[in-house]
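For the sequence shown, full-length UniProt numbering gives the first residue as 1, with consecutive numbering after it. The C-beta atom is built at its ideal place from N, Cα and C for all residues, glycine as well. The next block holds one structure in the form of structure tokens; read it before the comments.
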Amino acid sequence: MDVVFGRDPFLNALSQILITPDEVERSANTQARNYVRDAKAMGNTAVDVKELPESYVFVADMPGLKSEDIKVQVENNNVLTIGGERKREEATDQTNCKYLRMERLAGKFLRRFTLPSNANMDGISASCTDGILTVTVPKIPPPEPHKPKTIEVKVG
């Protein structure tokens, strides 16, 4: 079976659509503004995927996130899901603070990866150190090849 990794085709198309003018983000329509913000956060969560002899390793930058902000799950027995929410810092004094530009992404993010058949779902581990999430998926060792058994032929 081929290993299927990479961005979801929907997210690739979505990220192309979301190269929108600033007017959309400044829209008075809060729902549209939140949708654009959340979709950008989903599409911009880059993940490196490495295959090692004993495992698959997923590495994602998660700057400023705490472990409770990140959720790593396996769905449908073979889909690794990395998700969570980046929260925007609120100004301490709302009356004297006005953002002139907001470029840091905030909102929910979600990435899904279909794992190959040799992935050991029970051995998955995740750690986040210095804003870098590392998810390790061990491989199931291949079965030992069957050795031919020699049968003694009796003279009868």
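Considering only C-alpha positions, which residue in the set the options is nearest to residue i?
| i | options | result |
| --- | --- | --- |
| P143 | T45, N118 and V47 | N118 |
| G83 | R111, S125, P53 and P148 | R111 |
| A126 | T45, Y56, L52 and A46 | Y56 |
| E103 | R88, N96 and S67 | R88 |
| P141 | T45, L52 and V47 | L52 |
| C128 | I151, A106, S67 and V153 | S67 |
With a threshold of 7 Å between beta-carbons, can residue i be considered close to chain B, or not?
| i | result |
| --- | --- |
| E144 | Of the protein chains in this structure there is only one, and it is not chain B. |
Are residue i and residue j close, meaning C-beta to C-beta below 7 Å?
| i | j | result |
| --- | --- | --- |
| F109 | L80 | no |
| N120 | P145 | no |
| V72 | T134 | no |
| L115 | N78 | yes |
What number of angstroms, rounded off, separates the C-alpha of residue i from the C-alpha of residue j?
| i | j | result |
| --- | --- | --- |
| E54 | G123 | 12 Å |
| P63 | K50 | 20 Å |
| A106 | I132 | 17 Å |
| V74 | D130 | 24 Å |
| D69 | C97 | 26 Å |
| V85 | P148 | Per the sequence presented here, residue 85 reads as Glu, with Val not at that position. Taking the straight line joining both Cα atoms gives about 55 Å. |
| Y99 | L65 | 22 Å |
| T150 | T136 | 42 Å |
What residues in its chain sit with their C-beta under 6 Å from that of residue i, if we drop five residues either side in the sequence?
| i | result |
| --- | --- |
| T45 | F109 and R111 |
| V47 | F58, A60 and R111 |
Classify residue i as helix, strand or coil using the three-state DSSP reduction.
| i | result |
| --- | --- |
| E68 | helix |
| D122 | helix |
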